[in-house]
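Novice:
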Ligand code: 0PR
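Right, dumping it as structure tokens:
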């Protein structure tokens with residue numbers, strides 16, 4: 000087919016997609032990547048960090064990004080890490096290292112944890128133990144105590160839960176574990192929010208490597224870091240990665256650590272460019288805007304009598320409705336991209352940097368109409 004015919008087809012497919020510029024995406028933990036990151040990604044698109052010897056420039060950028068990420072989570076010289084293709088790969092890697100180091104199969108995580116942990120347990124032949132939540136939707140400490148025994152390799156807490164954006168009591172979890180197991184913190188989303196909330200004066204509980212018991216963290220530049228996809232990271236102090244390394248005799252390096260072979264690398268340059276450009280001040284301003292918009296959303300939705308299922312802590316909020324599925328369905332007919340939280344049930348909105356006050360106003364107008372049509376009590 001000639002180029003223009005193929006490109007016309009592409010255009011048709013493109014229009015089938017949602018895009019951040021539609022002003023309708025309210026359910027994504029990803030956002031329009033920063034333009035400097037998009038340019039960096041395109042410039043470095045050929046690199047393959049599965050074979051880093053060919054791409055020493057990208058490999059150096061990766062090291063530099065890792066050290067910038069470390070500075071976000073109070074990591075010292077004992078912490079090492081790598082960029083990954085996202086939170087799923089990082090969580091798998093944490094569990095993989097812990098399983099191989101300890102020879103144990105148990106892994107304990109809260110009911111609020113992302114489904115990637117169950118996936119990882121399945122792949123690794125580990126036994127996932129789900130801990131119930133307390134009345135504040137955080138990992139219940141009494142139940143944790145009962146779940147941890149000699150067969151457990153790793154306990155996982157979440158700093159920025161997928162459904163509600165809440166932070167598990169990592170310090171208290173550490174106290175209960177009392178060094179009997181490794182401790183991983185999934186800050187895939189919160190990792191680029193919490194440090195800046197702290198700088199903005201919010202009270203943020205300890206959740207990172209400042210706690211000696213924290214052995215490993217997931218923190219994703221492709222979520223609130225505004226990098227292009229795919230870009231996650233896994234940082235840890237569980238020793239060398241020898242136990243997750245495989246001989247790779249015909250590559251430029253003779254061993255390859257980690258899960259993937261060929262891996263996306265344009266996004267390494269993207270993360271580098273965006274982090275360098277925005278710096279702490281840039282991210283702080285973005286987080287401030289997202290938190291202000293979250294407050295605005297809660298206030299506007301409150302005006303029509305709808306309340307969050309729990310007071311939002313960061314820029315994720317879930318609203319309670321009697322007839323949740325019908326509300327979501329009707330709103331989707333207006334073009335809104337929404338998701339639901341299941342625990343507790345609610346209409347879940349992630350107030351990412353592309354979500355503006357104007358979008359929120361449009362959303363509230365449509366919501367009001369939908370509720371009137373459904374006769375939902377407000
Ligand atoms: N850990 C947490 C706390 C997460 O929220 C997520 C993803 C992951 C790990 C896994 O990360 P990756 O998806 O990078 O592997 N949470 C989002 C979710 O499941 C992912 C997402 C993003 C989904 C954008 C939809 C979407 O449009 O909701």
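Residue numbers (the working numbering): 0 to 377. Glycine included, C-beta positions come from ideal geometry on N, C-alpha and C.
1. Of the choices 341, 203, 356, whose alpha-carbon is the least far from that of residue 161?
2. Quick check: the Cα distance between residue 261 and residue 228, rounded to an integer number of angstroms?
3. Which residue wins for smallest C-alpha separation from residue 159, given the options 93, 185, 176, 127?
4. Mark residue 50 as exposed unless 16 or more other C-beta atoms lie within 10 angstroms of its C-beta, in which case mark it buried.
5. With DSSP as the reference, label residue 183 as helix, strand or coil.
6. Please name the residue in 139, 83, 209 whose C-alpha comes closest to that of residue 107.
7. Could you work out which residue in 181, 68, 157 is closest to residue 100 when comparing CA atoms only?
8. What distance in whole Å lies between the Cβ atoms of residue 350 and residue 163, which are believed to be in contact at a cut-off of 8 Å?
9. Under the three-state reduction of DSSP, which class applies to residue 318: helix, strand or coil?
10. Strictly by DSSP, which residues pair up with residue 340?
11. Do you know how far the Cα of residue 74 is from the Cα of residue 46?
12. Can you tell me whether residue 364 is buried or exposed, with buried defined as 16 or more other CB within 10 angstroms of its CB?
13. For residue 21, collect the residues of the same chain with a Cβ closer than 6 Å to its Cβ; drop the 5 residues on either side in sequence, then sort them by chain order.
14. Closer than 8 Å is the cut-off here; do at least three beta carbon pairs connect the stretch 81–92 with the stretch 114–133?
15. Would you kindly check if the distance between the Cβ of residue 256 and the Cβ of residue 245 is under 9 Å?
16. What are the residues that DSSP puts in a beta bridge with residue 255?
17. Does DSSP classify residue 126 as helix, strand or coil?
18. Here's the rule: buried if 16 or more other CB atoms are within 10 angstroms of the residue's CB, otherwise exposed. What is residue 61?
19. Apart from the five residues just before and just after residue 248, which ones in its own chain have a Cβ nearer than 7 Å to its Cβ?
20. Is residue 24 helix, strand or coil by DSSP?
21. Does the Cβ of residue 148 have 16 or more other Cβ atoms within 10 Å, making it buried, or fewer, making it exposed?
22. Which of helix, strand or coil does DSSP assign to residue 194?
23. Would you say residue 72 and residue 168 are within 9 Å of each other, going by their C-beta atoms?
24. For residue 232, write down the residues that DSSP places opposite it in a beta bridge.
25. Give me the DSSP bridge partner(s) of residue 111.
26. Report the option in 278, 329, 337, 332 whose CA atom is closest to the CA atom of residue 68.
27. Secondary structure at residue 189, three-state DSSP: helix, strand or coil?
28. Please list, in chain order, all residues of the same chain as residue 335 whose beta carbon is under 8 Å from its beta carbon, the five residues on each side excluded.
29. By alpha-carbon positions, which one of 372, 282, 238, 294 ends up nearest to residue 380?
30. Give the single residue among 136, 141, 135, 176 whose Cα lies nearest to the Cα of residue 405.
31. Pick from 28, 65, 12, 42: whose alpha carbon is nearest that of residue 275?
32. Quick check on the burial criterion: 16 or more other C-beta atoms within 10 angstroms. Buried or exposed for residue 44?
33. Taking the alpha helix (DSSP H) that residue 155 belongs to, which residues open and close that run?
34. Please report the residue range of the alpha helix (DSSP H) in which residue 269 lies.
35. Is it true that the CB of residue 223 sits closer than 9 Å to the CB of residue 28?
36. Below 8 Å, is the gap between the Cβ of residue 78 and the nearest heavy atom of the ligand 0PR?
Specialist: The short version:
1. What you label residue 161 is simply residue 162 of the chain shown in a count that begins at 1. Residue 341 is the option with its Cα nearest to residue 161.
2. Position 262 of the chain shown, counted from the start, is the residue given in the question as residue 261. Position 229 of the chain shown, counted from the start, is the residue given in the question as residue 228. Rounded to whole angstroms, residue 261 to residue 228 spans 15 Å at the Cα level.
3. Looking up residue 159 in the chain shown gives position 160. Residue 159 has its Cα closest to that of 185, out of 93, 185, 176, 127.
4. Position 51 of the chain shown, counted from the first residue, corresponds to residue 50. By the 10 Å Cβ count, residue 50 comes out buried.
5. Here the question's residue 183 lines up with position 184 in the chain shown. Three-state DSSP puts residue 183 in a strand.
6. In the chain shown, counting from the first residue as 1, residue 107 sits at position 108. That would be 139, whose Cα lies nearest to the Cα of residue 107.
7. Counting from one through the chain shown, the residue named residue 100 turns up at place 101. With distances taken between Cα atoms, residue 100 lies closest to 181.
8. The residue you call residue 163 lines up with position 164 of the chain shown. The residue you call residue 350 lines up with position 351 of the chain shown. Contact annotation, residue 163 with residue 350: C-beta distance approximately 13 Å; criterion of less than 8 Å not satisfied.
9. Against the chain shown, residue 318 aligns to sequence position 319. Of the three classes helix, strand and coil, the one that applies to residue 318 here is strand, per DSSP.
10. Reading the chain shown from its first residue, position 341 is the one you call residue 340. Partner(s): 345.
11. Counting from 1 along the chain shown, the entry for residue 46 is found at position 47. Counting from 1 along the chain shown, the entry for residue 74 is found at position 75. Rounded to the nearest whole angstrom, the CA to CA distance from residue 46 to residue 74 is 28 Å.
12. In the chain shown, the residue the question calls residue 364 occupies position 365. So residue 364 counts as exposed.
13. Position 22 of the chain shown, counted from the first residue, corresponds to residue 21. For residue 21, same chain residues with a beta-carbon under 6 Å away, outside a window of 5 residues either side, do not exist.
14. Contact between the stretch 81–92 and the stretch 114–133 is present, because at least three Cβ pairs lie under 8 Å.
15. To locate residue 245, count along the chain shown from 1; it is residue 246. To locate residue 256, count along the chain shown from 1; it is residue 257. Contact: yes.
16. Here the question's residue 255 lines up with position 256 in the chain shown. Answer is 245.
17. As a working mapping, residue 126 is identified with position 127 in the chain shown. In this structure, DSSP gives residue 126 an extended state, which the three-state scheme calls strand.
18. Within the chain shown, numbered from 1, the residue matching residue 61 stands at position 62. Flag for residue 61 reads buried.
19. Here residue 248 corresponds to residue number 249 of the chain shown, with the count starting at 1. Cβ contact annotation for residue 248 (same chain, cutoff 7 Å, sequence separation greater than five): none.
20. For this step, residue 24 is matched to residue 25 along the chain shown. If DSSP states are grouped into helix, strand and coil, residue 24 belongs with the strands.
21. The sequence position of residue 148 within the chain shown is 149, counting from 1. Under this definition residue 148 is an exposed residue.
22. In the chain shown, the residue the question calls residue 194 occupies position 195. Reduced to three states, the DSSP call for residue 194 is helix.
23. The sequence position of residue 72 within the chain shown is 73, counting from 1. The sequence position of residue 168 within the chain shown is 169, counting from 1. Not a contact, by the Cβ cut-off of 9 Å.
24. Here the question's residue 232 lines up with position 233 in the chain shown. Residue pairing from DSSP places residue 232 in a beta bridge opposite 82.
25. On the chain shown, residue 111 is found 112 positions in, with the first residue counted as 1. As far as DSSP is concerned, residue 111 takes part in no beta bridge.
26. To locate residue 68, count along the chain shown from 1; it is residue 69. Ranking the options by Cα distance to residue 68, first place goes to 278.
27. Along the chain shown, one-based indexing puts residue 189 at 190. Residue 189 falls in the helix class under three-state DSSP.
28. In the chain shown, the residue the question calls residue 335 occupies position 336. For residue 335, where only same-chain residues beyond five positions count, the Cβ hits under 8 Å are 23, 25, 362, 365.
29. Nothing can be reported for residue 380, as the shown portion of the chain is limited to 0 through 377.
30. Any answer about residue 405 is impossible in this case: the structure gives the chain only from 0 up to 377.
31. Position 276 of the chain shown holds residue 275. Ranking 28, 65, 12, 42 by Cα distance to residue 275 puts 65 first.
32. Counting from one through the chain shown, the residue named residue 44 turns up at place 45. By the 10 Å Cβ count, residue 44 comes out exposed.
33. Position 156 of the chain shown, counted from the first residue, corresponds to residue 155. Secondary structure note for residue 155: it is in no alpha helix (DSSP H), and the uninterrupted beta strand (DSSP E) holding it is 151–157.
34. Residue numbering aside, residue 269 sits at position 270 when the chain shown is read from its first letter. Residue 269 -> alpha helix (DSSP H) spans 265–302.
35. As a working note, residue 28 is residue 29 in the chain shown. As a working note, residue 223 is residue 224 in the chain shown. Yes, the pair counts as a contact, with Cβ atoms nearer than the cut-off.
36. Working through the chain shown from its first residue, we reach residue 78 at position 79. Every heavy atom of the ligand 0PR is 8 Å or more from the Cβ of residue 78, so no.
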